[in-house]
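Here's the structure, in C-alpha cells; my notes come after.
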Amino acid sequence: MNITEPRRPLTQEELELLHRMFEHGSDDLRSFRPQMEGIRVTRSCKCGCPSIRMDVLEGAPLGLDRGETVVGDFGGKTARGELVGVLLFQRAGILTELEVYSVDGQVAGEFGLPTIDSLNLLEWEPLPGHPNVKVQAISPKSLA
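For what it's worth, my numbering labels the leading residue of the sequence shown as 98, then goes sequentially.
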C-alpha cells in the first residue's frame, strides 16, 4: 500500500459508516456533518488498517470544538468478524482523521471497516479517584 496515494472522495462504505456515526453520536459529533460535502481523503497508515486522513473543503462550517480531539468513539466487527474500534478525530473544529484499529490485537494484515449493523457507540466516564483515566460507562449496544 502506498500512503502517498492521491486524495479521493469517500467510498460508499466509508460514507455509510460516517453517516451512521453522525446519526447515533453526540450533538457535538453531529455538528461536523456539514463537513462531509466535498471531503477528500487518503489512507493515513501503512499497517493494513482502513484509517483515512480527511481534508475538509476550505470554508466548510466548523464543528463544535470543546478541546477534545476525539469526537466519535465506536466499536464493531468487520465482515470477517474481527473486533475493531473506530475513532473520529477533529482539530480546531475540522475533521482530520477516521482511525480504525484492532480492539483485541488479533487482526493481522489488511482488514476492513466494521459492518454498519455491528456498529456500537462507546461511552466513557472518569474512573473514581483517577480523574485522568476513563472506563466504559455502559455496555455497547448495536445501533442497528
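Even glycine gets a Cβ: it sits at the ideal position worked out from N, Cα and C.
Check, Outcome
"Where R105 falls, given that 16 or more other Cβ within 10 Å makes a residue buried", "exposed"
"Residue range of the beta strand (DSSP E) that includes F186", "L180 to R188"
"Three-state secondary structure (DSSP) of F171", "strand"
"C-beta contact flag for L210 and V197 at 8 Å", "yes"
"Cβ contact (3+ pairs, closer than 8 Å) linking the region 201-208 and the region 135-152", "yes"
"C-beta atoms of R117 and L216 nearer than 8 Å", "yes"
"Residues bridged to S148 [DSSP beta-bridge criterion]", "Paired residues: none, contrary to the question."
"Straight-line gap, E165 to G190 (C-alpha atoms, nearest Å)", "10 Å"
"Q132 burial status per 10 Å Cβ neighbour count (16 or more: buried)", "buried"
"8 Å Cβ cutoff met for V168 and L126", "yes"
"Between the CA atoms of P225 and G182 - distance to the nearest angstrom", "24 Å"
"D124, buried or exposed, once every other Cβ within 10 Å from all chains shown has been counted against 16", "exposed"
"D214 versus K174, L185 and E220, residue with shortest Cα-Cα distance", "K174"
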